[in-house]
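Letter by letter, the sequence shown follows residues 0 to 218 in numbering that gives the first Met the number 0. Each residue gets a CB set at the ideal place from its N, CA and C atoms; glycine is no exception.
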Amino acid sequence: MVWKDLLFMHWKVDAAYLQSLLPPGLEVDTHAGRAWVGLVPFTMDRVRLRGLPRVPGFTCFHECNVRTYVRCDGIPGVWFFSLDAANPLAVWTARLVWKLNYVFARFRVGTEDGLCTYGVRRPGGERSRMQWRVGDPLPPSEPGTLEHFLTERYCLYSASRGRVWRGMVRHEPWTLCRAEVPELDDELVRAAGLEVQGPPLCHAARPVHVHGWPIKRIR
């Protein structure tokens, strides 16, 4: 699959409070002693389950996730508080196969004069709307930098019925770009039980080709 039209938005949060929201077995990962949460809208394209042909209506859909960064047995990864997607089949499949907290939502997405707009609305009423412009590319992020910590993650964690699962993904390193975000009106981060303050740290990203593997139970 391809991940494209992607924007990383991140806020610093209290690590102790964040830890209280995680399932047993996962610990908050920090950079320079600080924990972070992210809001990430993007589009999945050319989606296909390994070993199967592409399914019409399943190959391209929009997504917006609320995430943080964790470790389990020393392995860094991503924990998703929520993943909103515009495809009911994708939501059902991801909840069943990957134990992820997917939610069906309606999206209004468009690009005009270089301004990308994502609007998300859940059936329950929670919504998010953001606009951004992609700026100049940034130098490759180096290990140890904040940008590398926030974006170069190749492992996800999920939990169900007291069990913890790990899934691996592979893609080329991100090409990050500067991002101007003239509009952000979000309720999804708060709906996850998180309170953030101030403008986010923002990075746009060039598309990447992604391969994923089935999750494995680790606890």
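- Separation of TRP97 and VAL77 (C-alpha to C-alpha, rounded to the nearest whole angstrom) is 13 angstroms.
- Counting only residues of its own chain and dropping the five nearest sequence neighbours on each side, VAL39 has a CB closer than 6 angstroms to the CB of PHE7, ASN64.
- If you look at HIS147, you'll find it isn't in any beta strand (DSSP E); it sits in the alpha helix (DSSP H) that goes 145-150.
- ARG105 sits close to ALA85, with the two beta carbons spaced by under 9 angstroms.
- With the rule of 3 Cβ pairs closer than 8 angstroms, the segment 177-196 counts as touching the segment 119-129.
- THR29 carries a coil assignment under DSSP once its states are collapsed to helix, strand and coil.
- Taken in chain order, the whole alpha helix (DSSP H) runs of length 4 or more contained in the segment 100-171 are 145-150.
- For ARG45, the three-state secondary structure derived from DSSP is coil.
- When the five nearest sequence neighbours on each side are left out, the beta carbons in the same chain lying within less than 8 angstroms of the beta carbon of SER159 are those of LYS98, in order along the chain.
- Boundaries around TRP2 are those of the beta strand (DSSP E), 1-3, since no alpha helix (DSSP H) includes it.
- Scanning its chain for C-beta atoms nearer than 6 angstroms, with the 5 sequence neighbours on each side dropped, one finds around CYS201 the residues MET8, ALA178, VAL180, in chain order.
- From the listed residues VAL90, TRP164, HIS30, GLY113, the smallest Cα separation to TRP212 is found for TRP164.
- Taking the Cβ atoms as the reference, HIS61 lies roughly 16 angstroms from THR92, outside the contact range of under 8 angstroms.
- Scanning the segment 63-107 for uninterrupted beta strand (DSSP E) segments of 3 residues or longer gives 74-84, 101-103, listed from N- to C-terminal end.
- GLY37 counts as buried, since no fewer than 16 other beta carbons sit within 10 angstroms of its beta carbon.
- The beta-carbon separation of SER81 and ALA191, rounded to 6 angstroms, stays under the 8 angstroms limit for a contact.
- The beta carbon of ILE74 is closer than 7 angstroms to those of CYS154 in its chain, skipping five residues each way along the sequence.
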